[in-house]
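A.B. asks: Quick note, the sequence shown lines up with residues 13 to 408 if you use our numbering. Just so you know, even glycine gets a beta-carbon here, dropped at the ideal spot from N, CA and C.
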Amino acid sequence: HVRYSTAGASVEKNVQPIMVDYSRGSIAVAHNGNLVNAQLLKAELEAYGSIFQTTMDTEIIIHLLAVARQTSLVDRIVEALKRIKGAYCLLFLTESRMIAVRDPNGFRPLCLGKLGNGWVVASESCALDLIEAEFVREIEPGEMIVCNSDGGIESLFPFKKVEPTPCIFEFVYFARPDSYIFGKNVYMTRKELGRQLAREYHVDADVVIAVPDSGVPAAMGYAEESGIPFELGLIRNHYVGRTFIEPAQAIRHFGVKIKLNPVRELLEGKRVVVIDDSIVRGTTSRKIVKMVRHAGAKEVHMRISSPPTSYPCYYGIDTPNRKELISSSHTIEEICRYITADSLGYLSEDGLLKSVGLGNTNFCKACFAGDYPVAFPKPVELPQMGLFEEEQSKYE
Ligand code: SF4
Numbered sequence: 013h014v015r016y017s018t019a020g021a022s023v024e025k026n027v028q029p030i031m032v033d034y035s036r037g038s039i040a041v042a043h044n045g046n047l048v049n050a051q052l053l054k055a056e057l058e059a060y061g062s063i064f065q066t067t068m069d070t071e072i073i074i075h076l077l078a079v080a081r082q083t084s085l086v087d088r089i090v091e092a093l094k095r096i097k098g099a100y101c102l103l104f105l106t107e108s109r110m111i112a113v114r115d116p117n118g119f120r121p122l123c124l125g126k127l128g129n130g131w132v133v134a135s136e137s138c139a140l141d142l143i144e145a146e147f148v149r150e151i152e153p154g155e156m157i158v159c160n161s162d163g164g165i166e167s168l169f170p171f172k173k174v175e176p177t178p179c180i181f182e183f184v185y186f187a188r189p190d191s192y193i194f195g196k197n198v199y200m201t202r203k204e205l206g207r208q209l210a211r212e213y214h215v216d217a218d219v220v221i222a223v224p225d226s227g228v229p230a231a232m233g234y235a236e237e238s239g240i241p242f243e244l245g246l247i248r249n250h251y252v253g254r255t256f257i258e259p260a261q262a263i264r265h266f267g268v269k270i271k272l273n274p275v276r277e278l279l280e281g282k283r284v285v286v287i288d289d290s291i292v293r294g295t296t297s298r299k300i301v302k303m304v305r306h307a308g309a310k311e312v313h314m315r316i317s318s319p320p321t322s323y324p325c326y327y328g329i330d331t332p333n334r335k336e337l338i339s340s341s342h343t344i345e346e347i348c349r350y351i352t353a354d355s356l357g358y359l360s361e362d363g364l365l366k367s368v369g370l371g372n373t374n375f376c377k378a379c380f381a382g383d384y385p386v387a388f389p390k391p392v393e394l395p396q397m398g399l400f401e402e403e404q405s406k407y408e
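Following this line, the structure appears as structure tokens:
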């Protein structure tokens with residue numbers, strides 16, 4: 013299990029699954045998401061003598077499990093999970109059972125697969141493809157699946173029902189394009205975001221390029237809808253991580269400079285539309301615009317396949333604090349000037365919802381609108397991962 017770290021540092025002791033031996037036997041836990049009441053629970057548990065081995069919010073669940081009063085494992089897990097708040101897809105493994113749980117809001121995706129006589133659980137369906145497991149279905153918000161060693165399976169809904177609020181940003185950036193989540197294929201959805209963006213923000217241009225890799229399907233959709241040819245004008249170095257996801261400041265600092273390179277022959281003398289999925293701090297977009305211009309582009313028009321990201325996410329996507337998000341304190345015109353683009357257009361919130369479809373789903377879109385579906389304790393500005401500091405780019 014590779015956990016995308018949003019709480020606790022990216023250090024070896026925080027590697028998942030967490031495995032413990034306790035009075036009831038051995039258990040391993042893997043977690044995708046982020047708990048919003050982790051600090052309060054940790055302080056409470058420590059006051060009663062718990063000693064934490066890691067800095068992950070997931071370890072809190074183990075401690076809650078150890079102090080639960082119920083007798084059966086399933087009931088103990090339910091008792092523990094009733095105390096946590098936020099986003100969680102969890103997998104518990106004992107010597108005889110595997111138990112998967114998706115939180116009642118269903119922020120993150122979780123799916124069930126079958127491999128021979130065994131059951132497989134993964135956040136995204138692309139993981140099932142890798143091991144040639146058959147996709148069975150998505151696990152529902154608030155559902156607990158208990159897989160027994162005899163191959164039997166049980167579905168329970170032990171939590172109070174709430175209206176699900178799956179994360180719409182999974183479609184914009186986070187999920188892999190070859191995955192099927194919340195009832196839809198991610199690639200096709202991303203392409204539709206690009207088509208809608210072209211309808212909302214057309215510009216006369218010669219070529220459409222993407223900020224790879226996450227911007228590629230939207231750029232293809234934009235090109236199809238606008239009739240402007242799509243080219244791979246920026247080539248990504250696949251041996252470095254995604255800038256946004258890279259938590260170590262030093263590596264992130266280095267990554268921006270080495271991860272992209274323009275194809276001069278495609279850009280020289282051209283009016284270029286650059287498609288990206290989001291603008292976080294603005295520093296990366298600024299470098300990309302300068303890079304494209306430096307490669308000879310006559311005009312650079314930035315188009316973003318989501319609305320401005322003005323609020324931090326507390327449910328498992330590692331966005332920085334509000335003051336670090338450029339659109340929380342700047343108008344679109346100011347951002348356009350800062351990133352030195354000739355024009356800038358963001359997909360509208362209505363356009364995003366329309367492109368994703370699934371009209372009956374009440375998606376979480378708090379990072380765009382600030383309307384958080386699960387309240388979190390004060391202080392509002394919870395600690396986040398290390399932040400990127402602006403550097404002097406070779407394109408300045
Ligand atoms: S705040 Fe944004 S990124 Fe976080 S769960 Fe909601 S939609 Fe997703």
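Ignore the nearest five residues each way along the sequence and tell me which others in Gly37's own chain have a CB closer than 8 Å to its CB.
C.D. replies: Indexing the sequence shown from 1 puts residue 37 at position 25. Thr106 and Glu107.
A.B. asks: Cβ of Ile193 within 7 Å of any heavy atom in ligand 1?
C.D. replies: The count along the sequence shown starts at 1 and reaches residue 193 at position 181. No.
A.B. asks: Here's the rule: buried if 16 or more other CB atoms are within 10 angstroms of the residue's CB, otherwise exposed. What is Glu24?
C.D. replies: Within the sequence shown, numbered from 1, the residue matching residue 24 stands at position 12. Glu24 is exposed by the Cβ-count criterion.
A.B. asks: Under the assumption that Ala134 contacts Gly128 (Cβ atoms under 8 Å), give the Cβ distance between them as a whole number of angstroms.
C.D. replies: Taking the sequence shown and counting its residues from 1, the one referred to as residue 134 is at position 122. Taking the sequence shown and counting its residues from 1, the one referred to as residue 128 is at position 116. The pair is not a contact, with the Cβ atoms about 16 Å apart (cut-off 8 Å).
A.B. asks: So does Ile316 have its beta carbon nearer than 7 Å to some heavy atom of ligand 1?
C.D. replies: Position 304 of the sequence shown, counted from the first residue, corresponds to residue 316. Not under cutoff, so the answer is no.
A.B. asks: Looking at the secondary structure, which residues open and close the alpha helix (DSSP H) in which Ile351 lies?
C.D. replies: One-based indexing of the sequence shown puts residue 351 at position 339. Ile351 -> alpha helix (DSSP H) spans Ile344 to Ile351.
A.B. asks: Specify whether the segment 211 to 221 and the segment 277 to 297 touch according to this definition: at least 3 beta carbon pairs, one from each stretch, less than 8 Å apart.
C.D. replies: Because the criterion of three Cβ pairs below 8 Å is met, the segment 211 to 221 and the segment 277 to 297 touch.
A.B. asks: Thinking Leu53 and Ile72 are a contact (beta carbons under 8 Å), I'd like their distance in whole angstroms, please.
C.D. replies: Translated into positions along the sequence shown, residue 53 becomes position 41. Translated into positions along the sequence shown, residue 72 becomes position 60. Yes, they are in contact, since the Cβ atoms of Leu53 and Ile72 sit about 5 Å apart, within 8 Å.
A.B. asks: Hey, which unbroken runs of the beta strand (DSSP E) at 3 residues or more fall wholly within the segment 92 to 128?
C.D. replies: Entirely contained in the segment 92 to 128, the beta strand (DSSP E) runs reaching 3 residues are, in chain order, 98 to 105, 109 to 114 and 123 to 127.
A.B. asks: With burial defined as no fewer than 16 other Cβ atoms inside 10 Å of the residue's Cβ, what is the status of Asp87: buried or exposed?
C.D. replies: Working through the sequence shown from its first residue, we reach residue 87 at position 75. By the 10 Å Cβ count, Asp87 comes out exposed.
A.B. asks: Within 8 Å, do at least three Cβ pairs link the segment 110 to 118 to the segment 335 to 352?
C.D. replies: Touching, no, given that fewer than three Cβ pairs across the two stretches are closer than 8 Å.
A.B. asks: Taking 7 Å as the line, does the beta carbon of Phe183 fall inside it for any heavy atom of ligand 1?
C.D. replies: As a first step, residue 183 must be located in the sequence shown, where it is residue number 171. Because no heavy atom of ligand 1 lies under 7 Å away, the Cβ of Phe183 does not count as near it: no.
A.B. asks: Pull every residue with its beta-carbon under 6 Å away from any heavy atom of ligand 1, and keep them in chain order.
C.D. replies: Taking each Cβ in turn, the ones that pass are Phe119, Cys179, Ile180, Phe181, Cys325, Tyr327, Ile329, Cys376, Lys377, Ala378 and Cys379.
A.B. asks: Using the Cα positions of Cys379 and Asn249, report the straight-line distance between them to the nearest angstrom.
C.D. replies: Indexing the sequence shown from 1 puts residue 379 at position 367. Indexing the sequence shown from 1 puts residue 249 at position 237. Distance between the alpha carbons of Cys379 and Asn249 is about 29 Å.
A.B. asks: Does DSSP classify Glu155 as helix, strand or coil?
C.D. replies: Position 143 of the sequence shown, counted from the first residue, corresponds to residue 155. The answer is coil: DSSP assigns Glu155 none of H, G, I, E or B.
A.B. asks: Using C-beta distances below 7 Å, list every residue in its chain close to Asp354, excluding the 5 sequence neighbours before and after it, in chain order.
C.D. replies: For the purposes of this step, residue 354 is taken as the residue at position 342 of the sequence shown. Correct list, in chain order: Glu311, Val312 and His313.
A.B. asks: Using the rule of at least 16 other Cβ atoms within 10 Å of the residue's Cβ for burial, across every protein chain shown, is Glu136 buried or exposed?
C.D. replies: As a first step, residue 136 is located in the sequence shown; it is residue number 124 there, counting from the start. Classification for Glu136: buried.
A.B. asks: To the nearest angstrom, how far is it from the Cα of Ile151 to the Cα of Phe186?
C.D. replies: As a first step, residue 151 is located in the sequence shown; it is residue number 139 there, counting from the start. As a first step, residue 186 is located in the sequence shown; it is residue number 174 there, counting from the start. The straight-line gap from Cα to Cα measures roughly 19 Å.
A.B. asks: Between which two residues does the alpha helix (DSSP H) carrying Glu311 extend?
C.D. replies: Numbered from its first residue, the sequence shown carries residue 311 at position 299. Not the alpha helix (DSSP H): Glu311 falls in the beta strand (DSSP E), residues Glu311 to Ile316.
A.B. asks: Taking 6 Å as the limit between beta carbons, can you name the residues of its chain near Asn273, skipping five residues before and five after?
C.D. replies: As a first step, residue 273 must be located in the sequence shown, where it is residue number 261. Taken in chain order, the residues that qualify are Ile247.
A.B. asks: Would you mind stating whether His43 and Leu57 have Cβ atoms separated by less than 8 Å?
C.D. replies: Within the sequence shown, numbered from 1, the residue matching residue 43 stands at position 31. Within the sequence shown, numbered from 1, the residue matching residue 57 stands at position 45. The answer is no: Cβ separation not under 8 Å.
A.B. asks: Tell me which residues share the same chain as Ile347 and place their Cβ nearer than 7 Å to its Cβ, disregarding the 5 neighbours each side in the sequence.
C.D. replies: In the sequence shown, counting from the first residue as 1, residue 347 sits at position 335. These residues qualify, in order along the chain: Ile291, Gly294, Ile338, Ser339 and Leu356.
A.B. asks: So, for Ala222: in the same chain, excluding its five sequence neighbours on each side, which residues have a beta-carbon less than 6 Å away from its beta-carbon?
C.D. replies: If you number the sequence shown from 1, residue 222 lands on position 210. Val228, Ala231 and Ile287, listed in sequence order.
A.B. asks: Taking buried to mean at least 16 other C-beta atoms within 10 Å of its own C-beta, is Ser84 buried or exposed?
C.D. replies: Sequence index remark: in the sequence shown, residue 84 carries index 72 (1-based). Its Cβ having fewer than 16 others within 10 Å, Ser84 is exposed.
A.B. asks: Relative to the C-alpha of Tyr100, which candidate in Asp69, Ala78, Gln82 and Glu91 has its C-alpha closest?
C.D. replies: Position 88 of the sequence shown, counted from the first residue, corresponds to residue 100. The option with the nearest alpha carbon to Tyr100 is Asp69.
A.B. asks: Using the beta-carbon count (16 or more within 10 Å), is Gln65 buried or exposed?
C.D. replies: Sequence index remark: in the sequence shown, residue 65 carries index 53 (1-based). Classification for Gln65: exposed.
A.B. asks: In three-state DSSP terms, what is Asp288?
C.D. replies: Your numbering for residue 288 matches position 276 in the sequence shown. Here Asp288 sits in strand by DSSP.
A.B. asks: So Lys97 packs on Leu47, CB below 8 Å; how close in whole Å?
C.D. replies: As a working mapping, residue 97 is identified with position 85 in the sequence shown. As a working mapping, residue 47 is identified with position 35 in the sequence shown. Sure, about 7 Å apart at Cβ, within 8 Å.
A.B. asks: Which stretch, first to last residue, makes up the beta strand (DSSP E) that contains Arg149?
C.D. replies: As a working mapping, residue 149 is identified with position 137 in the sequence shown. Element bounds for Arg149: Glu146 to Glu150.
A.B. asks: Could you give the DSSP three-state label for Ser340: helix, strand or coil?
C.D. replies: Within the sequence shown, the letter at position 328 stands for residue 340. Three-state result, Ser340: helix.
A.B. asks: Measuring only the C-alpha atoms, how far is Met200 from Pro178?
C.D. replies: Stepping through the sequence shown from its first residue, residue 200 is reached at position 188. Stepping through the sequence shown from its first residue, residue 178 is reached at position 166. Each residue's Cα considered, the two are about 18 Å apart.
A.B. asks: Buried or exposed, going by whether 16 or more other CB atoms sit within 10 Å of the CB of Glu393?
C.D. replies: Residue numbering aside, residue 393 sits at position 381 when the sequence shown is read from its first letter. At Glu393 the pLDDT is 49, less than 50, meaning the model places this residue with poor confidence; the figure from the coordinates comes in the next sentence. Glu393 should be labelled exposed.
A.B. asks: Would you kindly check if the distance between the Cβ of Cys123 and the Cβ of Leu140 is under 8 Å?
C.D. replies: In the sequence shown, counting from the first residue as 1, residue 140 sits at position 128. In the sequence shown, counting from the first residue as 1, residue 123 sits at position 111. Closer than 8 Å, so yes.
A.B. asks: May I ask you to list the residues that DSSP assigns as paired with His214?
C.D. replies: The sequence position of residue 214 within the sequence shown is 202, counting from 1. Partner(s): none; His214 has no beta bridge.
A.B. asks: Can you tell me the Cβ-Cβ gap for Asn117 and Pro153, rounded? I've got them flagged as a contact below 8 Å.
C.D. replies: In the sequence shown, the residue the question calls residue 117 occupies position 105. In the sequence shown, the residue the question calls residue 153 occupies position 141. The pair is a contact, with the Cβ atoms about 6 Å apart (cut-off 8 Å).
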